[in-house]
Every structure is written in C-alpha cells, then in structure tokens.
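>
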Amino acid sequence: MKLPDAAIKLVISELRRAHPAIGVPTLRQTLRRRHGFSCGTDRLLRLLSEDRTETSKRSQQEAPSADVRALQNELEETRQRALLAEEREVAHQRYWAVKVDELRQELNRSRRPTDTPAPGSPRWLDLYKELQIARARITQLEAALQAALGAAK
Numbered sequence: 000m001k002l003p004d005a006a007i008k009l010v011i012s013e014l015r016r017a018h019p020a021i022g023v024p025t026l027r028q029t030l031r032r033r034h035g036f037s038c039g040t041d042r043l044l045r046l047l048s049e050d051r052t053e054t055s056k057r058s059q060q061e062a063p064s065a066d067v068r069a070l071q072n073e074l075e076e077t078r079q080r081a082l083l084a085e086e087r088e089v090a091h092q093r094y095w096a097v098k099v100d101e102l103r104q105e106l107n108r109s110r111r112p113t114d115t116p117a118p119g120s121p122r123w124l125d126l127y128k129e130l131q132i133a134r135a136r137i138t139q140l141e142a143a144l145q146a147a148l149g150a151a152k
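Residues in the sequence shown are numbered consecutively from 0, following numbering that gives the first Met the number 0.
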C-alpha cells in the first residue's frame, strides 16, 4: 500500500504548525500512528524539502507585503507629521507677520508728533490757511526788499 503525497503533505503541514522544525523520524512516527505504516526515507526527505521550499516562498511573498504595509503606514505617519509641521509653520509666519505689522504701526505713530492735526481736520485747515497767508507775506517782503536794494544801487 502506498500513501499519496497529498496525505503526507497534509501531515507535514499539521506538524509544522505545532513544531516548525520537524525531521524524518518525527514524520515517520506520526504517519505510522495515523495510517499504520510509513514510506521510504528518500520520499519523506523529498516531501519535507518541497514543503520547506513552499513555506519559504510563501514567507518571502508574505514578508514583502508586511514590509510594504509597514512602509505605507510609516509613509502615512510621515505625511501627517509633515502636514502638521506645515500648519504650524503657516501659523508661525502669520503670527510674526501680525507682530511686525503692529510694531511698524507703533513706530509710525511714535514718529508723528502728537500735536500735529490729522489732514482734513478743522485745525489742519486753519493752519493751512495761516501757512498760505505767511507765504504771501514772505513774497511781498521779498519783493519790497528787492525793490529797496535795486533803488539803492
């Protein structure tokens, strides 16, 4: 009687779940217990080797997907940190732009004399009229001075 490879592979996979490092003696004992007989050492070694190869291929295929998921998670976390840093930077720039503007306004207010009236106010208009009268008077006095100097020559 010959045990099919599929039955032996099933026993191998069950044993590997319980004990990842199984050998021919353990496999042979389990086959005898379950099926009443075993098969040749070469065949068992070949099936164990095939199972190791398949398991290795599966783990290599699964590992990259796990690595890829881990890298994707890390990438998403990095993006979230970058967005948060960008928001903080914008808030920081906005804060200091407001502060600089406030300081400029304060500086401009401190440079302007406090007794200078605002343009267009009644006091400003009165001072403007006085300035025009003073300029006209200066022009008259300069003309009179020129006339007096011209007559003296």
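Beta carbons are placed, not taken as given, at the ideal position from N, Cα and C, and that holds for glycine.
Since we're looking at a predicted model, the values are computed, not measured.
1) Measure the alpha-carbon distance for Glu73 versus Ala90 and round it to whole angstroms.
2) Which whole runs of the alpha helix (DSSP H) in the region 1-45 are 4 residues long or more, in chain order?
3) Under 8 Å: do the region 38-49 and the region 1-11 share three or more Cβ pairs, one atom per stretch?
4) Just mark Ser64 as buried or exposed, buried being the case when its beta carbon has 16 or more other beta carbons within 10 Å.
5) By the DSSP assignment, the alpha helix (DSSP H) with Pro121 in it spans what residues?
6) Between the beta-carbon of Leu126 and the beta-carbon of Pro116, is there less than 8 Å?
Considering the structure as presented:
1) Their Cα atoms are separated by approximately 26 Å.
2) Fully enclosed alpha helix (DSSP H) runs of 4 or longer: 4-17 and 23-34.
3) Two segments are said to touch when three or more pairs of C-beta atoms, one from each, lie closer than 8 Å; by this definition the region 38-49 touches the region 1-11.
4) That one is exposed.
5) Its alpha helix (DSSP H) spans residues Pro121 to Ala151.
6) For Leu126 and Pro116, yes; Cβs fall inside 8 Å.
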